[in-house]
Each structure stands twice: as structure tokens, then as C-alpha cells.
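Q: Below is one structure. I have some questions about it.
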Amino acid sequence: MEQGAARERATERSSPPFGDATGAVRPEPARPEPARTPSTRPEPPRAESVRVPEQTRGTEPGRGPEHARGEHTHGEPAPGPRTVRRHSVRGQILEALRTALVGGELRPGEVYSAPVLAERFGVSATPVREAMQRLAVEGAVEVVPNRGFRVTERTPRELAELAEVRALIEVPVMLRLARTVPAARWAELRPLAEATATAAARGDRAHYAETDRAFHRAVLSLAGNEQLLAVADDLHRRSQWPLISAPALRHGDLVADAAEHTALLDALIAQDLTVVQALVREHFTGSEC
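The numbering used here applies: residue 3 is where the sequence shown begins, and numbers increase by one.
Quick look at the structure:
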């Protein structure tokens with residue numbers, strides 16, 4: 003048995019692990035690396051290849067030629083859509099046309115073409131047409147096919163009807179506000195009333211029309227009714243378009259009309275409902291603004 007065990011021990015010593023017949027350790031064979039397959043993930047585009055979509059291209063004042071091509075770099079906002087700028091231009095043209103209407107530059111009964119007005123403003127005809135379409139909705143002009151837009155000929159009866167509707171809406175609202183709004187809140191509106199007086203003193207009818215609307219909006223906004231504001235402002239604008247046969251509003255009449263705003267605030271602060279009602283009705287029927 004001892005001889006058998008000795009032979010087994012001799013056999014174990016003659017077979018070293020990972021060795022050859024001499025007992026030297028053989029290096030472990032290198033394992034082959036798996037073959038790499040090409041990546042299918044697309045590489046991100048380089049900065050110089052990023053371009054703004056065609057529909058958003060355009061130039062702006064003070065921008066370089068690279069912006070005219072619609073290119074931009076990281077850290078710099080891309081130009082906005084052209085439609086946003088067109089809407090902005092349309093809004094500016096709309097306000098300019100409203101001012102020209104109130105000031106009498108655009109005469110009632112006359113026809114004006116969009117291309118001619120566009121040349122005057124230095125813009126394309128598209129924003130002028132869009133602004134004129136808005137004025138047509140407001141009743142200031144009417145479309146003349148293949149010619150342009152005719153300034154509406156406002157009649158005295160139409161102005162009287164507008165004044166009546168405004169009184170029906172605004173008198174009850176102001177009487178209710180006179181009972182509930184504190185005096186300090188009314189006092190905050192005095193700068194708006196003073197702005198109408200300043201415009202009237204200069205004889206600036208267009209600016210007076212703007213400040214007059216701002217004053218009435220501020221008063222009615224205290225009711226917290228957005229629909230009321232929209233309807234009242236639309237009626238107010240319609241009542242400001244001039245009559246075809248009416249002479250220019252006299253300077254004294256404009257000043258007196260502006261003074262009614264301050265008197266109305268005084269009556270609202272005092273909660274004198276009788277004076278409030280009388281002043282509002284007189285304000286609507288006593289002038290064209």
C-alpha cells in the first residue's frame with residue numbers, strides 16, 4: 003500500500019498544472035478578442051452643418067450675412083419664424099391706419115389700394131391688406147373688388163346709435179362700480195384722465211382718441227369682465243371714425259370733452275350716482291370721441 007501511495011505522489015509531481023514535460027509553466031494562450039462591428043449610430047452633425055429650416059429664414063436689421071442665409075451658432079438664438087415678424091408689421095400698420103382714419107388723413111368715401119399704401123409705409127402689400135381686412139371687420143372700411151378699400155361714410159344716425167348702445171352698456175356698470183370701488187382706486191386713474199387733457203390741449207385728435215379709449219378701458223376693467231371690455235372697446239373705436247360731412251372737431255370741444263373724465267372721477271369718488279349717470283350719457287352724446 004505504501005508503494006502504491008508513493009507511485010501516486012510521484013505521478014502528481016511529474017504533471018505540474020499548465021506545465022510541459024520539463025515542469026516549466028506554459029503561458030496561457032491569448033484569448034482572441036471578439037471582432038468589432040462597425041457602429042450603426044449616426045454621428046452628430048458638426049456645428050457648421052446646422053441650418054435653420056427654410057421657412058424660418060430671413061434677415062433682420064443689424065444682422066450679418068450669415069443670418070441672412072439662415073445659419074446660427076451655438077449659444078445664439080435662431081431667428082424666429084417670418085410669420086411672427088409679419089404679424090408684428092401688420093399690427094404696426096393697423097395702428098397707423100387707425101391713426102390716419104381718426105386724424106382725417108384717410109378721407110371717408112375715398113378708395114385706397116393696398117399696394118399704394120404699402121409703398122407709403124415701405125412694406126409689402128400683404129400686411130396692409132391684412133390690416134385693412136381687420137378695419138373692414140371693425141366697420142371702418144369696406145372692400146371694393148379689384149380696387150382696394152373704401153373708407154366708410156359714417157352718418158350722424160350711426161354715431162347716435164353707437165352712443166346709445168355704449169350708454170346702455172357702460173352707465174349701469176359705472177353706477178355699480180361707484181357703489182363698490184374704493185376712492186383710492188379711482189384716484190389711481192387720474193394720470194389717464196390727465197393724459198386725455200394733455201392731448202386735447204395740443205389739439206392732437208389721434209392721440210386723444212387713444213388716451214380716451216385707455217381711460218374708459220381702465221374704468222371698465224374694474225368690473226372684471228373681459229367680454230365687456232372687448233365689446234365696449236369695439237363700440238368705442240367705431241364711434242371714433244369721422245363723419246364724411248362733419249367739420250374738424252373744434253379745439254374747445256375737445257378740451258371740454260377731456261375735462262369730463264376728471265369730473266367723472268370726482269363723481270365716482272364721491273359716489274354721486276346722479277352726476278355719474280349724467281356725465282356718462284353726456285360724454286357719449288356730446289362729442290364724437
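We treat Cβ as the ideally placed atom computed from N, Cα and C, and that holds for glycine. All values reported here derive from a predicted model rather than from experimental measurement.
Would you identify the three-state DSSP class for Gly124, choosing helix, strand or coil?
A: Locating residue 124 in the sequence shown gives position 122, counting from the first residue. Gly124 falls in the coil class under three-state DSSP.
Q: Would the beta-carbon of Pro129 fall within 8 Å of that of Arg92?
A: As a first step, residue 129 must be located in the sequence shown, where it is residue number 127. As a first step, residue 92 must be located in the sequence shown, where it is residue number 90. If you check the CB distance, Pro129 and Arg92 come in under 8 Å.
Q: Contact between the segment 215–229 and the segment 186–202: three or more CB pairs below 8 Å?
A: Touching, yes, given that three or more Cβ pairs across the two stretches are closer than 8 Å.
Q: Taking DSSP's pairing of strands, which residues face Tyr114 in a bridge?
A: Counted from its first residue, the sequence shown places residue 114 at position 112. Answer is Phe151, bridged to Tyr114.
Q: Give the DSSP bridge partners of Glu144, in chain order.
A: For the purposes of this step, residue 144 is taken as residue 142 along the sequence shown, with counting starting at 1. Answer is Arg152, bridged to Glu144.
Q: Grab the span of the alpha helix (DSSP H) containing Thr157 for me, first residue to last.
A: Here residue 157 refers to the residue found at position 155 when the sequence shown is read from its first residue. Per DSSP, Thr157 belongs to no alpha helix (DSSP H) and is neither H nor E.
Q: Sort Gly141, Glu163, Pro147 by Cα distance to Val153 and report the nearest one.
A: In the sequence shown, counting from the first residue as 1, residue 153 sits at position 151. Of the listed residues, the one whose Cα sits closest to Val153 is Gly141.
Q: Under 8 Å between the Cβ atoms of Met134 and Phe151?
A: The residue given as residue 134 occupies position 132 in the sequence shown. The residue given as residue 151 occupies position 149 in the sequence shown. Yes; because the gap between Cβ atoms is below 8 Å, this pair is in contact.
Q: Apart from the five residues on each side of it in sequence, which residues of its chain come closer than 7 Å, Cβ to Cβ, to Phe286?
A: Translated into positions along the sequence shown, residue 286 becomes position 284. Answer for Phe286: Ala165, Arg168, Ala169, listed in chain order.
Q: Quick one: grab the DSSP three-state call for Val183.
A: In the sequence shown, counting from the first residue as 1, residue 183 sits at position 181. Three-state result, Val183: coil.
Q: For Val258, which residues of its own chain have a beta-carbon under 7 Å away from its beta-carbon, when the five flanking residues on both sides are left out?
A: Here the question's residue 258 lines up with position 256 in the sequence shown. One detail in the question is off: residue 258 reads as Ala in this sequence, not Val. Nothing meets the Cβ criterion.
Q: Once you ignore the five residues that flank Ala201 on each side, which residues in its own chain have a CB closer than 6 Å to its CB?
A: In the sequence shown, counting from the first residue as 1, residue 201 sits at position 199. Cβ within range, chain order: His209, Tyr210, Thr213.
Q: Can you list the alpha helix (DSSP H) stretches of 4 or more residues lying completely in the segment 183–235, in chain order?
A: 185–189, 192–204, 207–223
Q: How would you write the range of the alpha helix (DSSP H) that Arg283 sits in, first residue to last?
A: Taking the first residue of the sequence shown as position 1, residue 283 is located at position 281. Element bounds for Arg283: 275–287.
Q: Closer than 8 Å by C-beta to Arg178: which residues in its own chain qualify, once you throw out the five before and the five after it? Chain order, please.
A: Here residue 178 corresponds to residue number 176 of the sequence shown, with the count starting at 1. If we look at Arg178 and ignore the five residues flanking it on each side, its Cβ neighbours are Ala225.
Q: Could you give the distance in angstroms between the alpha-carbon of Val278 and the alpha-carbon of Val113?
A: Here residue 278 is taken as the residue at index 276 of the sequence shown, counted from 1. Here residue 113 is taken as the residue at index 111 of the sequence shown, counted from 1. One C-alpha to the other measures close to 41 Å.
Q: Apart from the five residues on each side of it in sequence, which residues of its chain come closer than 7 Å, Cβ to Cβ, to Thr101?
A: Within the sequence shown, residue 101 is the residue found at index 99, counting from 1. Closer than 7 Å at Cβ, skipping near neighbours: Ala208.
Q: In whole angstroms, give me the CA-to-CA distance for Ala1 and Asn148.
A: There is simply no residue 1 to check, as the chain begins at 3 and stops at 291 in what is shown.
Q: To which residues of the same chain is Ala120 closer than 7 Å at the C-beta, ignoring the five residues directly before and after it?
A: Numbered from 1 along the sequence shown, position 118 holds the residue referred to as residue 120. Taken in chain order, the residues that qualify are Ser126, Ala127, Val130.
Q: Please classify Ser90 as buried or exposed, where buried requires at least 16 neighbouring CB atoms within 10 angstroms.
A: Position 88 of the sequence shown, counted from the first residue, corresponds to residue 90. Exposed is the call here.
Q: Apart from the five residues just before and just after Leu266, which ones in its own chain have a Cβ nearer than 6 Å to its Cβ?
A: Within the sequence shown, numbered from 1, the residue matching residue 266 stands at position 264. Excluding residues within five positions, the ones whose Cβ falls inside 6 Å are Leu281.
Q: Are the Cβ atoms of Gly111 and Glu144 separated by less than 8 Å?
A: Locating residue 111 in the sequence shown gives position 109, counting from the first residue. Locating residue 144 in the sequence shown gives position 142, counting from the first residue. No, the pair does not count as a contact, with Cβ atoms beyond the cut-off.
Q: Count the other CB atoms within 10 Å of the CB of Ala162; is the residue buried (16 or more) or exposed (fewer)?
A: The residue labelled residue 162 in the question sits at position 160 within the sequence shown. Exposed is the call here.
Q: In whole angstroms, what separates the C-alpha of Gln229 from that of Gly124?
A: For the purposes of this step, residue 229 is identified with residue 227 of the sequence shown, where counting begins at 1. For the purposes of this step, residue 124 is identified with residue 122 of the sequence shown, where counting begins at 1. Their backbone Cα atoms lie some 36 Å apart in a straight line.
Q: Where does Arg204 land, buried or exposed, given buried means 16+ other C-beta within 10 angstroms?
A: Here the question's residue 204 lines up with position 202 in the sequence shown. Looking at its Cβ environment, which holds fewer than 16 other Cβ atoms inside 10 Å, Arg204 is exposed.
Q: Report, in whole angstroms, the separation of the C-beta atoms of Gln242 and Ala180, which I expect to be a contact under 8 Å.
A: Walking along the sequence shown from the start, residue 242 turns up at place 240. Walking along the sequence shown from the start, residue 180 turns up at place 178. At roughly 25 Å, the Cβ-Cβ gap does not stay under 8 Å, so Gln242 and Ala180 are not in contact.
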